[in-house]
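**Student:**
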Amino acid sequence: MIINAFKELCPFQLGIYSYTSFISNLEAIQNIIKDYPLWEANYNNDPCNLPSNFFTNRIGHQYIETGAISGISGKVDVNSFTQDVLLKTVATPGTWINENNKWLYKHEDETYTKDSWEFINGKWYLFDAKGWMIYDWKKDGCNWYYFGDCNDGAMKIGWCYDKKSCKWYYFNEEGVMQTGCVKIDSKWYHLDNNGAMETGWIKDDGKDYCFYSNGEMIHDVCVYGYSFDSNGVAVK
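Under UniProt numbering, the first residue of the sequence shown carries the number 1, and numbering increases by one thereafter.
1) What residue does the beta strand (DSSP E) around ASN98 start on, and which one ends it?
2) Measuring only the C-alpha atoms, how far is HIS61 from LEU26?
3) For GLU118, count the other beta carbons within 10 Å of its own beta carbon; 16 or more makes it buried, fewer makes it exposed. Which is it?
4) Inspect the CB distances between the region 187 to 200 and the region 215 to 223 and report whether three or more fall short of 8 angstroms.
5) Using the Cα positions of CYS160 and TYR169, report the straight-line distance between them to the nearest angstrom.
6) In this structure, what does DSSP give as the bridge partners for GLN62?
7) Comparing alpha-carbon positions, which option in TYR135, GLY71, ILE64 lies nearest ASN101?
8) Going by DSSP in three states, PHE211 sits in which element: helix, strand or coil?
9) Would the beta-carbon of LYS114 fall within 8 angstroms of that of GLY141?
10) With a threshold of 16 other CB atoms inside 10 Å of the CB of TRP103, please say whether the residue is buried or exposed.
11) According to DSSP, what are the bridge partners of LEU126?
12) If you run the structure through DSSP and keep just helix, strand and coil, what is ASN31?
13) Hey, how far is the Cα of GLY153 from the Cα of PHE147?
14) So, PRO37 versus ILE59, is the Cβ gap smaller than 8 angstroms?
15) Please return the same chain residues whose Cβ sits closer than 8 angstroms to the Cβ of LYS123, not counting the five positions on each side in sequence.
16) Look at the Cβ atom of GLY15, then the Cβ atom of TRP39, and state whether they are nearer than 8 angstroms.
17) Once DSSP output is grouped into helix, strand and coil, what is the label at LEU26?
18) Tell me where the beta strand (DSSP E) around ASN194 begins and ends.
19) Using DSSP with H/G/I as helix, E/B as strand and the rest coil, what is ALA154?
20) Quick check on the DSSP output: the beta strand (DSSP E) that includes ASN57 runs from which residue to which?
21) Just grab the DSSP bridge partners of SER186 for me.
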């Protein structure tokens with residue numbers, strides 16, 4: 001059953017979205033889902049005025065599909081929610097378990113996070129198919145991520161120093177390693193094809209650039225016998 005599969009794979013609260021006329025089709029499983037949060041669609045243009053049904057926790061009413069919202073062109077769906085929509089948005093707390101210097105994350109319902117990401121105490125972690133926490137470097141699709149050492153595992157964002165390579169790398173807000181020219185806090189940097197921050201002289205598209213030891217691109221200054229323009233191009 002899809003509900004059981006969801007509970008095994010995800011620690012978040014499952015909710016039900018349904019149009020009023022379809023709810024009768026769910027009566028066969030009402031004992032299983034009756035206490036789940038219900039977001040009900042019924043375009044009667046009368047917020048929270050709905051017929052009763054077997055659900056005990058109706059948290060939202062989508063009451064019009066031709067609504068108008070300031071700043072949005074065209075007609076839109078408009079909803080009314082109760083405060084209960086916010087009460088179960090936090091993942092079920094769990095416990096870190098160490099086995100043979102590898103880490104698992106066990107929830108209160110005895111399930112483990114497997115083959116997926118999970119947001120734990122303000123940080124993202126990635127777990128393999130057996131539930132082991134992933135660490136070090138990991139390629140997911142076309143993107144590279146860095147999770148620190150075996151006792152860390154948190155996805156890195158921003159600048160991060162890799163002790164193995166003794167190099168600096170930069171990861172965006174989604175944790176994806178960046179390459180090429182990137183602008184960070186109004187300053188330009190150059191990251192090589194492996195993501196490592198470059199310093200000193202580099203040639204790009206036939207033009208010479210130079211970067212300070214902290215990685216910042218030199219520009220709008222005369223130094224080292226060169227004139228650097230606003231784009232960082234060096235001219236003798």
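Virtual Cβ for every residue (Gly too), placed ideally from N, Cα, C.
**Tutor:** Walking through what the data contain:
1) Bounds of the beta strand (DSSP E) holding ASN98 are 94 to 99.
2) Cα-Cα distance, rounded: 18 angstroms.
3) Buried.
4) Yes, the region 187 to 200 touches the region 215 to 223.
5) If I take the Cα positions, the gap works out to 5 angstroms.
6) The secondary-structure analysis by DSSP pairs GLN62 across a beta bridge with ALA41, ASN79.
7) The shortest Cα separation from ASN101 among TYR135, GLY71, ILE64 belongs to TYR135.
8) In this structure, PHE211 counts as strand in the three-state DSSP scheme.
9) No.
10) Counting Cβ neighbours within 10 Å, TRP103 comes out buried, since at least 16 surround it.
11) LEU126 pairs with TRP117.
12) Assignment of ASN31 by DSSP, reduced to helix, strand and coil, places it in the helix class.
13) Separation of GLY153 and PHE147 (C-alpha to C-alpha, rounded to the nearest whole angstrom) is 5 angstroms.
14) Yes; because the gap between Cβ atoms is below 8 angstroms, this pair is in contact.
15) Cβ contact annotation for LYS123 (same chain, cutoff 8 angstroms, sequence separation greater than five): ALA154, MET155, in chain order.
16) Contact flag set, yes.
17) Note: LEU26 maps to helix in three-state DSSP.
18) Annotation: ASN194 is outside any beta strand (DSSP E) and is labelled neither H nor E by DSSP.
19) Looking at ALA154 - three-state DSSP - the assignment turns out to be coil, as it is neither helix nor strand.
20) Looking at the DSSP string, ASN57 is not in any beta strand (DSSP E), and its letter there is neither H nor E.
21) Beta-bridge pairing links SER186 to no other residue.
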